[in-house]
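Reviewing the structure listed below.
What follows is the structure in structure tokens.
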């Protein structure tokens, strides 16, 4: 192979490679997949070699400064996965590569680089275990699968949505398997990184437990990926590339013939649909004791007050306080924000402040505390007014939970909002306490489903709703978002992009004109988005990338593509 010119990519939103001369002294060392140190845009940075050629079309090119590692940091499977990520999520190849690397490798530090055995070519198997409980049966099934894989000499990767679940999951694994556990529950120091990499590369099987980014971990003889609570939004990356760990699991499963196991309280609608359509092995375990859900139809009270407490709820609060019980009132994060002040009208109190006043008037001497944006909560308060994130706190164990306005959770601007709201109430039921839901849409199928054993009915209705509106899993939503501090220029640029797309779009491609994002201004930048809807992701992303190149983007404007955003 002629190694005169190396084709190098960098971890920036530049979807092309760059030519660099390979000094004769480095040609024996540099390989496809090597990390190299280069000068790019007048700064030293890390690049990744993706190929070679004998000559360049440029008369003058820079040379590689250093080959960082003795062995390539990327093997064929790593590069193939990065290319899939690029094609699906519309990022650059360099960004896709760096999505799968640890921070110290991206910064150019040296680490233990290892090769893995050739992957299997068998057809992967997929299974789903779901149920409305946290019972021993579910975790016995989980441990049986782990034991089988370890005995076969295969490693297992367990993905979790939140860091606080790692310790809890380790505690559920059988004692005779603990010797195989490698836990990514903290940032490793430089001295620990080699020991960590050595265990992943060894011939002995391991059970690696970690969060979203661990989906890229290069593990020798990986035979199974387990995904817990797949419906959590934490599996979606907020920075480019905006990958979802679920999609990367499927990519790796097909590419490396890895079995998958999904364990979920309430699977996402997409996963449920795929499991049914693709004939997965599905196990339903549902023998837990659940708390009751009481639905209050607010249309019977005062429909003008959107954050109030009905008479039945006020009675429930009084009874709970009389027995020294604790009450949690769940509100939306926006309810903590005071109404905007204008020149004519002074700032009004926030909805939470008005709610607090109502509770204190109702019950003399009651202590109210808050768990919300910038709020410190007193765990011993009689009444806690909190956002749904309070459910992640270990100390959260009230005697009565009131969802003050369930309707705000079912946002019309987020097609997944109904599932998130449904999942949240389901998790509250697991606490085995009384849950009261106040709503103005008591006839909605979600509210009806909360009262019963609702799996089948809920998914049937939700899928019917999504089919009618053309939402995932029947179509995909692809967005092109740009941000800048000059709103007028940004609006003009996005309008030009939309016009270019509209002229060339296929008949079956739906588009929505540029609109201000739901959080339209962030860190002094305005944000505008163009939304496309299509059955196929890759052709639409290719079309989008091709057409946006036809419109000159101002240098300081930042733009990203996202697929099925949360």
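Residue numbers (this note's numbering): 180 to 745.
All C-beta atoms in this analysis are idealised placements derived from N, C-alpha and C, irrespective of residue type, glycine included.
In this text the structure is predicted, and so the values were computed from the model without any measurement.
Can you grab the Cα-Cα spacing for the pair residue 524 / residue 517, in whole Å?
With a pLDDT of only 46 at residue 524, under 50, the local geometry of the prediction cannot be trusted, and the value read off the model is given with reservation. When rounded, the distance between both Cα atoms is 13 Å.
Buried versus exposed call for residue 190 [16 or more other C-beta atoms within 10 Å across all chains shown]
buried
Sequence-distant residues of its chain with Cβ nearer than 6 Å to residue 654 (five each side left out)
712 and 714
Compute the distance between the beta-carbons of residue 301 and residue 745, then report whether it is under 8 Å.
no
Confirm, please, whether the CB-CB distance from residue 252 to residue 337 is below 8 Å.
no
Once you ignore the five residues that flank residue 408 on each side, which residues in its own chain have a CB closer than 7 Å to its CB?
340, 443 and 444
For the pair the stretch 261-270 and the stretch 730-742, tell me if three or more CB-CB distances fall below 8 Å.
yes
Going along the chain, which residues of its own chain have a beta-carbon closer than 6 Å to the beta-carbon of residue 625, five neighbours each way excluded?
597 and 601
Cutoff 7 Å; reference residue 187; Cβ partners in own chain excluding five residues on either side
196, 197, 199, 215, 217, 226, 227 and 228
Are the stretch 616-624 and the stretch 686-696 touching, with three or more C-beta to C-beta distances below 8 Å?
no
Considering only C-alpha positions, which residue in the set 543, 275, 457 and 575 is nearest to residue 550?
575
One or two residues paired with residue 245 in a DSSP bridge
216
Throw me the rounded Cβ distance for the residue 438 and residue 319 pair, which I believe falls under 8 Å.
Contact doesn't hold; Cβ gap of about 18 Å is too wide.
Work out the CA separation of residue 323 and residue 460 for me, nearest whole Å.
15 Å
Euclidean distance between Cα positions of residue 275 and residue 193
11 Å
Spatial neighbours of residue 428 within its chain, please: CB distance less than 7 Å, with the 5 preceding and 5 following residues excluded, ordered by chain position.
394, 404, 406 and 439
Taking contact to mean 3 or more Cβ pairs, one atom from each stretch, closer than 8 Å, check whether the stretch 416-426 and the stretch 379-389 are in contact.
no
Under three-state DSSP, which class holds residue 521?
Caution is warranted here: a pLDDT of 47 is assigned to residue 521, below 50, making its placement in the model unreliable, and the coordinate value is therefore given only provisionally. It is coil, neither helix nor strand.
For residue 708, which three-state DSSP category applies?
strand
Could I get the ranges of all uninterrupted beta strand (DSSP E) runs contained in the stretch 266-338, with 3 residues as the minimum, in chain order?
305-309 and 334-338
At which residues does the alpha helix (DSSP H) containing residue 598 begin and terminate?
596-609
Give the secondary structure of residue 405 by DSSP, where H, G and I count as helix, E and B as strand, and everything else as coil.
strand
Going by other Cβ atoms of all chains shown within 10 Å of its Cβ, with 16 needed for buried, is residue 277 buried or exposed?
buried
Give a yes or no on whether the C-beta atoms belonging to residue 289 and residue 248 are separated by under 8 Å.
yes
With DSSP collapsed to three states, give me the class of residue 418.
coil
Rounded C-alpha distance that separates residue 670 from residue 732
12 Å
Just curious, the alpha helix (DSSP H) that residue 723 is in, first and last residue?
716-727
So what's residue 459 in DSSP terms, helix, strand or just coil?
coil
Contact under 8 Å by Cβ, residue 507 with residue 565:
yes
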